[in-house]
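A.B. asks: One structure, as structure tokens, below. Some questions next.
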Amino acid sequence: MPKEDTTIAAAFPPPGVSPDFAHPRDVLHTVNIVTQVVSMVLITPLVALRMFVRVYASPPFLNEDYVCMVAWVLSMAYNITSLLSRFTLPAVAQPGTKLTFHNSFKVYKFGGGYHLWEIGDQDYRGFLKARPPSSPLAAFVALYADTIIYSLATYFTKVALLLVIARVFNDFRKTHFITIFFVVAMVFYYVPMLFLKIHVCSPISDFWTTNVQDSIPNCLDRFSIFVADTIISIITDTAVLVIPIPAVLHLRIPMRARFKVWSMLGLGGVATGASITRLVILFRTIRHSTDQTVDFVSFNLLGTAEINIGLICACLPAVNILFSRARQHRQLPLDSNGRNTSIKRLRFLRGSRLQTATDMSVGRDEEARAGQELQGDCYGGTGSCLAAVSNTYT
1 MPKEDTTIAA
11 AFPPPGVSPD
21 FAHPRDVLHT
31 VNIVTQVVSM
41 VLITPLVALR
51 MFVRVYASPP
61 FLNEDYVCMV
71 AWVLSMAYNI
81 TSLLSRFTLP
91 AVAQPGTKLT
101 FHNSFKVYKF
111 GGGYHLWEIG
121 DQDYRGFLKA
131 RPPSSPLAAF
141 VALYADTIIY
151 SLATYFTKVA
161 LLLVIARVFN
171 DFRKTHFITI
181 FFVVAMVFYY
191 VPMLFLKIHV
201 CSPISDFWTT
211 NVQDSIPNCL
221 DRFSIFVADT
231 IISIITDTAV
241 LVIPIPAVLH
251 LRIPMRARFK
261 VWSMLGLGGV
271 ATGASITRLV
281 ILFRTIRHST
291 DQTVDFVSFN
301 LLGTAEINIG
311 LICACLPAVN
321 ILFSRARQHR
331 QLPLDSNGRN
341 TSIKRLRFLR
351 GSRLQTATDM
361 SVGRDEEARA
371 GQELQGDCYG
381 GTGSCLAAVS
391 NTYT
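Numbering (UniProt numbering), first residue to last: 1 to 394.
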């Protein structure tokens, strides 16, 4: 006689649905793992290439490069917290038990991405003995850390993008002024918001021991904080997308280069779309969620997309210069020994200011224009600045 399944469900299943605790449906569990890993594998080489261009092709480091490095570190932290977070249940779980922030966001190994009604509490008893629900460490790795890291990561990513825009379009006074204005304005929002997130409850442990819908006297309205944060993300994402458009329209560049510029702006539009979708999820699912282990994962996945798309956009110009150099290197003639005539430029690529006669005669103009774009040295006014930008995207 088969052994009866006595697993206690975390919530009642929808009418007509029979939960399968042995083989729960993988809704977003694998998607979450793959997304976080792919993000780290993709973003890290791009940031490394950007730093390589800055160190070996056009030193010194600028402020935007330091900001980009900070944004990359925070992006990795956000990915890691999404991977290492866990989902647990109350020690005595019954069908229909209201899940708390402490339970809802520990969503990777123990239930994240699976339907709530296909998760039982039997496998979590030992974990709960080692880390009882009152332990702040387990919850900190989950939601509390994510909310703080998300704010920092989005801020530094957008500042890196805005600093690139401010430098490249320095001669467009309106564009430059509006860009710097947004950089400063974001400080006046993100710093107070970060303080509120850190001190959202008194004591802070109330944050992960109460539900998002509950009104707790010692806690701020956490759902409103989520909404405000998401709305500001939409506004700033849209600003990063729209600010350079008037200046780009005035660029006299080939169609191929223009296509590259608009493609990068279109990629920024995807980040804006991710922010808008996060706001929709907040109101349509998370506010009255009955399947939190799926809804919260989808919410975090969109945050991952928003941050990493911003970093990609910040790295693309430098990466494009690297590939342009490689393409020009292949097109140069060979000497009598079958070697590329630009081989003597190796010392320059290592950061040396010593150039051979060959280096002075081959590709000097391209080096100057690329250096202008990377360092913002647009001598001669708008015309030479546009020439530098045009050469970067050609």
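Every residue gets a Cβ at the ideal spot worked out from N, C-alpha and C, and that includes glycine.
In whole angstroms, give me the CA-to-CA distance for LYS197 and ARG258.
C.D. replies: Taking the sequence shown and counting its residues from 1, the one referred to as residue 197 is at position 197. Taking the sequence shown and counting its residues from 1, the one referred to as residue 258 is at position 258. Cα-Cα distance, rounded: 41 Å.
A.B. asks: Kindly indicate which residue of SER289, THR230, LEU311 and ILE232 has the alpha-carbon position closest to the one of MET264.
C.D. replies: For the purposes of this step, residue 264 is taken as the residue at position 264 of the sequence shown. Selected option, being the one with the closest Cα: LEU311.
A.B. asks: Would you say TYR56 and ALA153 are within 9 Å of each other, going by their C-beta atoms?
C.D. replies: By one-based count along the sequence shown, residue 56 stands at place 56. By one-based count along the sequence shown, residue 153 stands at place 153. In this structure, ALA153 does not lie closer than 9 Å to TYR56 by Cβ.
A.B. asks: My output table needs one value for ASP26: the three-state DSSP class, helix, strand or coil.
C.D. replies: Counting from 1 along the sequence shown, the entry for residue 26 is found at position 26. ASP26: strand per DSSP, three-state reduction.
A.B. asks: Can you tell me whether HIS288 is buried or exposed, with buried defined as 16 or more other CB within 10 angstroms of its CB?
C.D. replies: Numbered from 1 along the sequence shown, position 288 holds the residue referred to as residue 288. Classification of HIS288: exposed, given that the 10 Å Cβ count is below 16.
A.B. asks: Between which two residues does the alpha helix (DSSP H) carrying residue 395 extend?
C.D. replies: Because the chain in this structure spans residues 1 to 394, residue 395 falls outside the shown range and cannot be described.
A.B. asks: Does LYS174 pass the burial test, meaning 16 or more other C-beta atoms within 10 Å, or should it be called exposed?
C.D. replies: For this step, residue 174 is matched to residue 174 along the sequence shown. The residue in question, LYS174, is exposed, as its Cβ has fewer than 16 Cβ neighbours within 10 Å.
A.B. asks: With distances taken Cα to Cα, identify the nearest neighbour of LEU301 among VAL37, PRO24 and PRO246.
C.D. replies: Position 301 of the sequence shown holds residue 301. Measuring from the Cα of LEU301, the nearest candidate turns out to be VAL37.
A.B. asks: Using the rule of at least 16 other Cβ atoms within 10 Å of the residue's Cβ for burial, across every protein chain shown, is THR236 buried or exposed?
C.D. replies: Here residue 236 corresponds to residue number 236 of the sequence shown, with the count starting at 1. Counting every other CB atom within 10 Å of its CB across the protein chains shown gives THR236 a total of 16 or more, marking it as buried.
A.B. asks: Would a C-beta distance cut-off of 9 Å place ILE253 and PHE182 closer than the cut-off?
C.D. replies: On the sequence shown, residue 253 is found 253 positions in, with the first residue counted as 1. On the sequence shown, residue 182 is found 182 positions in, with the first residue counted as 1. No.
A.B. asks: Over what stretch of residues does the alpha helix (DSSP H) that includes LEU282 continue unbroken?
C.D. replies: On the sequence shown, residue 282 is found 282 positions in, with the first residue counted as 1. No alpha helix (DSSP H) holds LEU282; DSSP gives it neither H nor E.
A.B. asks: Would MET186 be called buried (16 or more neighbouring beta carbons within 10 Å of its own) or exposed?
C.D. replies: Reading the sequence shown from its first residue, position 186 is the one you call residue 186. Buried, by the Cβ-count rule.
A.B. asks: For my contact list, THR285 and LEU241 are in at a C-beta cut-off of 8 Å; report their separation, rounded to the angstrom.
C.D. replies: Here residue 285 refers to the residue found at position 285 of the sequence shown. Here residue 241 refers to the residue found at position 241 of the sequence shown. Not a contact, Cβ separation roughly 26 Å.
A.B. asks: With 16 other CB atoms within 10 Å as the buried threshold, where does SER275 fall?
C.D. replies: Counting from one through the sequence shown, the residue named residue 275 turns up at place 275. Counting other Cβ atoms within 10 Å of its Cβ, SER275 reaches 16 or more and is therefore classed as buried.
A.B. asks: Report the CB separation of ALA160 from THR81 in whole angstroms; it is logged as a contact under 8 Å.
C.D. replies: Position 160 of the sequence shown, counted from the first residue, corresponds to residue 160. Position 81 of the sequence shown, counted from the first residue, corresponds to residue 81. Contact flag wrong, Cβ pair sits at about 21 Å.
A.B. asks: Looking at the unbroken alpha helix (DSSP H) that takes in SER151, where does it start and where does it end?
C.D. replies: If you number the sequence shown from 1, residue 151 lands on position 151. Start and end: 145 to 168.
A.B. asks: In terms of alpha-carbon separation, which member of LEU62, MET76 and TYR189 lies closest to ILE307?
C.D. replies: Sequence index remark: in the sequence shown, residue 307 carries index 307 (1-based). Closest option to ILE307, Cα to Cα, is MET76.
A.B. asks: Applying the criterion that 16 or more other CB atoms from any shown protein chain within 10 Å of the CB defines a buried residue, is GLN328 buried or exposed?
C.D. replies: Position 328 of the sequence shown, counted from the first residue, corresponds to residue 328. With fewer than 16 Cβ atoms within 10 Å of its Cβ, GLN328 is classed as exposed.
A.B. asks: To which residues of the same chain is PRO192 closer than 8 Å at the C-beta, ignoring the five residues directly before and after it?
C.D. replies: Residue numbering aside, residue 192 sits at position 192 when the sequence shown is read from its first letter. Excluding sequence neighbours, PRO192 sits near nothing in its chain.
A.B. asks: Does TYR66 pass the burial test, meaning 16 or more other C-beta atoms within 10 Å, or should it be called exposed?
C.D. replies: For the purposes of this step, residue 66 is identified with residue 66 of the sequence shown, where counting begins at 1. When all chains shown are included, TYR66 counts as exposed.
A.B. asks: Please specify which runs of the alpha helix (DSSP H), each continuous and at least 4 residues long, are wholly inside the region 53 to 84, giving them in chain order.
C.D. replies: Listed in chain order, they are 63 to 84.
A.B. asks: How far does the alpha helix (DSSP H) with HIS176 in it extend, from its first residue to its last?
C.D. replies: Numbered from its first residue, the sequence shown carries residue 176 at position 176. 173 to 198 is the span of the alpha helix (DSSP H), which, as asked, contains HIS176.
A.B. asks: Which residue from ILE225, TRP72 and PHE177 puts its Cα closest to that of MET40?
C.D. replies: Here the question's residue 40 lines up with position 40 in the sequence shown. In terms of Cα proximity to MET40, the closest of ILE225, TRP72 and PHE177 is TRP72.
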